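**Student:** Before we start, here is the structure in question, set down as structure tokens.
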Amino acid sequence: MAEHGIKRLLLTSRRGLKAEGADQLVAELSGLGAEVTVVAADAADRAALRAALDVIPDEHPLTGVVHTAGVLDDGLFNALTPERLEAVLRPKVDGAWNLHDLTRDQQHLTAFVLFSSIAGTIGGPGQSNYAAANVFMDALAQHRRANGLSATSVAWGLWEQISGMTGQLDETDLKRMARAGFKPVGIQDGPAMLDSALQLDRAAVVANPLDIAAMRRQPGKPLTVLGALVRTPFRGKARNTGTGGGTLAEQLAVLAPEDRLAFLVRRLLAEVAEVLGHTDAGRIDAEQSFTALGFDSSPRSSCATASTSSPQPSCGPRWSSTTPPRPRWPISC
Ligand SMILES: NC(=O)c1ccc[n+]([C@@H]2O[C@H](COP(=O)([O-])OP(=O)(O)OC[C@H]3O[C@@H](n4cnc5c(N)ncnc54)[C@H](OP(=O)(O)O)[C@@H]3O)[C@@H](O)[C@H]2O)c1
């Protein structure tokens, strides 16, 4: 704030000053010399947002907008309902559009920053609704620039600092992301990355430290979007299945009927071990439920996705045997 000469701030969220830590934040910002006003307003409610913006005095016109509102409701795609989709799209799609539309005539507005997520760029297990919401942010930035307005959409990777949206991630999630080469954004690094992103003349920027070596170690084909960074010859995932190659159906076909169930269980446990970060599938108890093993919807769908680059065990949602191999997705936020 001091570096950018920001002296007046209008902060809005649905809870406003009732949000946990709001008082401390105001005190901290005031201590840094800012004049802070907090207004409770739902950004997706156009009238409420307009009323919040009306608080801004004419003598100190709006010079910058930073949209950070977001809500998560992760779940497998086929478990999504219109309500679950709406809940996640609302703060981003409606909120960002309202901000854009209500401020587009502001003559002094030189910064319009949208907090997006790498989930929109590379996908994220269980995050189809959230990915869509963030792609809208990136597209809105493009739209604004195409119309001569300022805009930068910053697609963040996971922040190191726990927040309202990421508090439920556990160690398994974090390890899975680290294995996939996506390092968290450090508390010190975040502001510097934001500054760098805003200096680029780009509508949409991804802000995520990457561990390219870890990405190269990943089995399977790298994500297309990362292809230029992760140059490695495609290595199909080596699997000691005890059968020859071919599709899962072909492998099962050459087995005696009484051996097929054991084969499938072995394959499934190997996938589960990989998704949970165990090097030894023998540590997985086949009698335990997915939930007891530590799965939620995100690893389940990661398991399903991971499996499509190889013959397919019955893990997570079903997919067609004609589905082409897809790259593996890390979890994201
Ligand atoms: N944390 C991460 O690792 C991470 C990674 C990538 C991207 N991001 C993005 O960064 C932004 C901030 O994330 P965060 O982790 O700081 O989340 P957070 O702590 O949950 O903050 C999100 C804020 O959005 C507000 N909000 C939600 N719906 C709103 C609405 N309709 N109108 C106005 N305010 C609304 C919430 O306050 P109320 O409940 O009071 O409304 C809350 O203060 C999000 O856009 C997120 O997608 C975060």
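Using full-length UniProt numbering, read the sequence shown as starting at 1 and increasing by one per residue.
We put the beta carbon where it would ideally sit given N, CA and C, even for glycine.
All values reported here derive from a predicted model rather than from experimental measurement.
1. What are the boundary residues of the alpha helix (DSSP H) that V272 is part of?
2. Helix, strand or coil: how does DSSP classify G181 here?
3. Would the beta-carbon of T110 be found less than 6 Å away from any heavy atom of ligand 1?
4. CA-CA distance, R328 and D105?
5. Once DSSP output is grouped into helix, strand and coil, what is the label at G16?
6. By a C-beta neighbour count over all protein chains shown, 10 Å radius and 16 as the cutoff for buried, is R144 buried or exposed?
7. T63 by DSSP, collapsed to three states: which one?
8. Got a sec: does ligand 1 put a non-hydrogen atom nearer than 6 Å to the Cβ of W97?
9. Assuming M1 and L49 are in contact, meaning their beta carbons sit under 8 Å apart, how far apart are those beta carbons, in whole angstroms?
10. For R14, collect the residues of the same chain with a Cβ closer than 6 Å to its Cβ; drop the 5 residues on either side in sequence, then sort them by chain order.
11. For L99, which residues from the same chain have a beta carbon less than 6 Å from its beta carbon, with the 5 sequence-adjacent residues on both sides left out?
12. Taking 6 Å as the cut-off, is the CB of C292 close to at least one heavy atom of ligand 1?
13. Residues in its own chain within less than 7 Å of D211 by CB, not counting five upstream and five downstream?
14. Is the Cβ-Cβ distance between F112 and S150 less than 7 Å?
15. Grab me the residues of E3's own chain with a C-beta within less than 6 Å of its C-beta, minus the 5 sequence neighbours each way, in chain order.
16. How would you call I122, buried or exposed, if buried means at least 16 neighbouring beta carbons within 10 angstroms?
17. Can you pull the DSSP bridge partners for A204?
18. Using a Cβ-Cβ distance cut-off of 7 Å, determine whether L261 contacts chain E.
19. Can you name, in chain order, every residue of its own chain whose Cβ lies under 6 Å from the Cβ of P299, other than the five neighbours on each side?
20. To the nearest angstrom, how far is it from the Cα of G186 to the Cα of A192?
21. Which residues bound the beta strand (DSSP E) around F112?
22. Which residue wins for smallest C-alpha separation from K7, given the options R260, L293, F136, P61?
23. Can you tell me where the alpha helix (DSSP H) with residue 398 in it begins and where it stops?
**Tutor:** Well, looking at it:
1. As a first step, residue 272 must be located in the sequence shown, where it is residue number 272. Counted as a single uninterrupted DSSP element, the alpha helix (DSSP H) harbouring V272 occupies residues 257 to 276.
2. Position 181 of the sequence shown, counting from 1, holds the residue named residue 181. Residue state, collapsed to three classes: coil.
3. Looking up residue 110 in the sequence shown gives position 110. Checking every heavy atom of ligand 1 against the Cβ of T110, none is found closer than 6 Å.
4. As a working note, residue 328 is residue 328 in the sequence shown. As a working note, residue 105 is residue 105 in the sequence shown. Annotation note: pLDDT 37 at R328 (below 50); position unreliable, no value reported.
5. Residue mapping note: residue 16 aligns to position 16 of the sequence shown, counting from 1. DSSP places G16 in helix when its eight states are reduced to three.
6. Within the sequence shown, the letter at position 144 stands for residue 144. Looking at its Cβ environment, which holds 16 or more other Cβ atoms inside 10 Å, R144 is buried.
7. As a working note, residue 63 is residue 63 in the sequence shown. In the structure shown, T63 sits in coil (DSSP, three-state: anything other than H, G, I, E or B).
8. Here residue 97 refers to the residue found at position 97 of the sequence shown. Flag unset: Cβ of W97 not near ligand 1.
9. Sequence index remark: in the sequence shown, residue 1 carries index 1 (1-based). Sequence index remark: in the sequence shown, residue 49 carries index 49 (1-based). About 23 Å separates the two Cβ atoms, so there is no contact after all.
10. Position 14 of the sequence shown holds residue 14. Excluding residues up to 5 positions away in sequence, D42 lie with their Cβ nearer than 6 Å to the Cβ of R14 in the same chain.
11. The sequence position of residue 99 within the sequence shown is 99, counting from 1. Hits under 6 Å: V65, H67.
12. Locating residue 292 in the sequence shown gives position 292, where the first residue counts as 1. The sequence shown places Ala at residue 292, rather than the Cys named in the question. No; taking the cut-off as 6 Å, the Cβ of A292 has no heavy atom of ligand 1 nearer than that.
13. Locating residue 211 in the sequence shown gives position 211, counting from the first residue. Taken in chain order, the residues that qualify are G181, K183.
14. In the sequence shown, counting from the first residue as 1, residue 112 sits at position 112. In the sequence shown, counting from the first residue as 1, residue 150 sits at position 150. Taking 7 Å as the Cβ cut-off, F112 and S150 qualify as a contacting pair.
15. Position 3 of the sequence shown, counting from 1, holds the residue named residue 3. Answer for E3: no residue qualifies.
16. Indexing the sequence shown from 1 puts residue 122 at position 122. So I122 counts as buried.
17. The residue you call residue 204 lines up with position 204 of the sequence shown. Beta-bridge analysis with DSSP links A204 to S153.
18. The displayed structure is made up of one protein chain only, and chain E is not part of it.
19. Locating residue 299 in the sequence shown gives position 299, where the first residue counts as 1. Residue placement at P299 cannot be trusted, given a pLDDT of 47 that sits under 50; the coordinates are not used to answer.
20. Within the sequence shown, residue 186 is the residue found at index 186, counting from 1. Within the sequence shown, residue 192 is the residue found at index 192, counting from 1. Cα to Cα, G186 sits roughly 10 Å from A192.
21. Counting from one through the sequence shown, the residue named residue 112 turns up at place 112. Looking at the DSSP string, the run of the beta strand (DSSP E) that includes F112 is 111 to 117.
22. The residue given as residue 7 occupies position 7 in the sequence shown. Ranking the options by Cα distance to K7, first place goes to P61.
23. The first residue shown for the chain is 1 and the last is 333, placing residue 398 beyond what the model contains.
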